[in-house]
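Numbering (this note's numbering), first residue to last: 16 to 160. From the three backbone atoms N, C-alpha and C, an ideal C-beta is built for every residue, glycine too. Nothing here was measured: the structure is a model prediction, and the numbers come from that model.
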């Protein structure tokens, strides 16, 4: 019995040791599983935040494009306004010169201009005769659309 008893004690000790090692292994696996779950959760959160960031950047890019288009339109309108101002000044100068009694080739020019719904109309008369039929090149020189 002593041999069997010793063998039994040895097997019992090895079994206890194996159970102990299995417990340690299970604890390590539980810790690794918890760490894995934590990393997975953080990765999902990071991906979610990245999605939000991408959406915000898309919105900001869209807003940037809209602002850029508005700025270009404003600059274009400003250039048109400068052009129109220059043309009006030229007409005003011509009108002022004719009103002061200056004559060109013996004819008194009178120029009037109106802006009607952003369309430009010029009526130029040569002693009451409408010029657009007679001198279209002159009108194009005076007022270019």
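Measuring only the C-alpha atoms, how far is residue i from residue j?
| i | j | result |
| --- | --- | --- |
| residue 169 | residue 107 | Because the chain here runs from 16 to 160, residue 169 falls outside it and cannot be looked at. |
| residue 93 | residue 86 | 10 angstroms |
| residue 90 | residue 78 | 18 angstroms |
| residue 28 | residue 17 | 16 angstroms |
| residue 44 | residue 58 | 20 angstroms |
| residue 82 | residue 53 | 43 angstroms |
| residue 95 | residue 66 | 43 angstroms |
| residue 97 | residue 84 | 20 angstroms |
| residue 70 | residue 61 | 14 angstroms |
| residue 41 | residue 74 | 49 angstroms |
| residue 99 | residue 68 | 46 angstroms |
Below 7 angstroms CB to CB, which residues in the same chain sit around residue i once its five sequence neighbours on both sides are set aside?
| i | result |
| --- | --- |
| residue 64 | none |
| residue 76 | none |
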